[in-house]
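Colleague:
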Amino acid sequence: MLIPLEPIVISDLLHASPTLDEPRIEVNSLGKRYGDLQVFKDINLTFREREIVTIVGPSGCGKTTLLRCIDGLMPSSEGEIRIDSDVVRKPREGVSMVFQHFGLFPWKTVYQNVAYGLKLAGVRKTVIADKVPYYTKLVGLEGFENSYPYQLSGGMQQRCGLARALSMEPSVLLMDEPFAAVDAQTREILQFELLRIWGMRPMTMIFVTHSIEEAVLMGDRVVVLKGRPSSVFEVIDVKLPGPRSRETLAHPRFSEVREHVWSTLMDEVRAAEFEIER
Ligand SMILES: Nc1ncnc2c1ncn2[C@@H]1O[C@H](COP(=O)(O)OP(=O)(O)OP(=O)(O)O)[C@@H](O)[C@H]1O
Ligand SMILES: [Mg+2]
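Going from the sequence shown to my numbering is simple: count from 1 and add 6.
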């Protein structure tokens, strides 16, 4: 059922065109409050064309909130977000999100779940009939079109969520801990499949994760959010050679960046524990 993995040379793709350094998404002095709770403040980030940026930070620091602001699902309290120079005020075409907990409709089949966004966007039935099988197959769910989410494993449900996002052919893909709810082996398979799919159709991808390994493996850059309210503590240029594969995990640079991010985040955890003890 799984599609064979091809190695992907991310760095080659990144340097394939001189326009790739141009920012596609700009987050300027962004702040978000829920009532009295200031979640993050003064966030400044840019995301380039065909770039995978991973975001790590302690639970509750506002990662999901930040993605929702970029998606236009939630207004910010301060600052602005621009995509292709336009200020984001509502969800826009070309931006898709994969949610933290699958986000599938339990009463719809795989086919209907994947078709949902296309239908909503008013895409013609004949086009939907072409696209849904294509993306279902791309994520390795061929043959499960008529299954309901409860009949699928966690990994398959996540594949379905991914197919739904990809079927919109986004130029910006926002992923909120997409593999958090699947077992370690499935997670690794999905990571490399996502890189393979991305290699076929590179786009700007913002990928939130709790896994430092995943952040370093997937990201061209890793953004570390820290503090209360949180803000950008560090942006690390991963600079790992391509192709990203299982061998990447054994590369000295991989361990170097992983340890760096780990110690940065551990300082935060220790500080929080110290505060609790006091
Ligand atoms: N709709 C909401 N109304 C009020 N507070 C909210 C809302 N959504 C999130 N929060 C609060 O904002 C903070 C950030 O939440 P968010 O879900 O963005 O964090 P996160 O970094 O994604 O956490 P996790 O890693 O656990 O997914 C939390 O303290 C949360 O309780
Ligand atoms: Mg979250």
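Glycine included, C-beta positions come from ideal geometry on N, C-alpha and C.
Here the structure is a predicted model, which means the values were calculated and not measured.
Is any heavy atom in ligand 2 found nearer than 7 Å to the beta carbon of E183?
Modeller: The answer is yes for E183.
Colleague: Where does M162 fall in DSSP's three states?
Modeller: Three-state DSSP puts M162 in a helix.
Colleague: I'd like the ranges of any beta strand (DSSP E) spanning at least 3 consecutive residues and lying wholly in the stretch 45-129.
Modeller: Counting only runs of 3 or more, we get 58-62, 84-89, 101-104.
Colleague: Cβ atoms of V229 and V244: under 8 Å apart, would you say?
Modeller: Cβ atoms of V244 and V229: not closer than 8 Å.
Colleague: Helix, strand or coil for E174 per DSSP?
Modeller: For the record, residue 174 in the displayed sequence is Met; it is not Glu. Looking at M174 - three-state DSSP - the assignment turns out to be coil, as it is neither helix nor strand.
Colleague: Say whether the stretch 208-222 touches the stretch 257-267, bearing in mind that this needs 3 or more beta-carbon pairs closer than 8 Å, one atom from each stretch.
Modeller: The stretch 208-222, when compared against the stretch 257-267, does touch it at the 8 Å Cβ threshold.
Colleague: Where L201 and Y140 are concerned, what is the direct C-alpha to C-alpha distance, given to the nearest angstrom?
Modeller: So the two alpha carbons sit approximately 18 Å from each other.
Colleague: Along the chain, where does the beta strand (DSSP E) containing F185 start, and where does it finish?
Modeller: Neither: F185 is in no beta strand (DSSP E) and is coded neither H nor E.
Colleague: Helix, strand or coil for L147? Go by DSSP, reduced to three states.
Modeller: Three-state DSSP puts L147 in coil, outside helix and strand.
Colleague: I need the boundaries of the alpha helix (DSSP H) containing Y194, first residue and last residue.
Modeller: Per the sequence presented here, residue 194 reads as Glu, with Tyr not at that position. Taken as a continuous stretch (DSSP letters only), the alpha helix (DSSP H) holding E194 covers 190-206.
Colleague: Which same chain residues end up closer than 7 Å to Q197 when comparing Cβ atoms and leaving out the 5 residues on each side of it in sequence?
Modeller: Once the five neighbours on either side are set aside, the close Cβ partners of Q197 are F185, E220, L223, M224.
Colleague: Please report the residue range of the beta strand (DSSP E) in which E32 lies.
Modeller: Run containing E32: 29-40, per the beta strand (DSSP E) assignment.
Colleague: When the Cα atoms are used, what is the spatial distance from M162 to V62?
Modeller: Those two C-alpha atoms are separated by around 25 Å.
Colleague: Exposed or buried, W204, counting other C-beta atoms within 10 Å across all chains shown (16 or more means buried)?
Modeller: It counts as buried.
Colleague: Strictly closer than 5 Å from CB to any heavy atom of ligand 1: give me those residues in the order they appear in the chain.
Modeller: This criterion selects Y40, V45, S65, G66, C67, G68, K69, T70, T71.
Colleague: When the distance is taken between beta carbons, is I49 closer than 8 Å to L72?
Modeller: For L72 and I49, yes; Cβs fall inside 8 Å.
Colleague: Can you tell me the Cα-Cα spacing of E3 and R250, whole angstroms?
Modeller: The chain is shown only over 7 to 284; residue 3 falls outside these bounds and no answer can be derived.
Colleague: Just reading off the alpha helix (DSSP H) that V222 is part of, what are its end residues?
Modeller: It spans 218-224 - the alpha helix (DSSP H) in which V222 sits, taken as one unbroken run.
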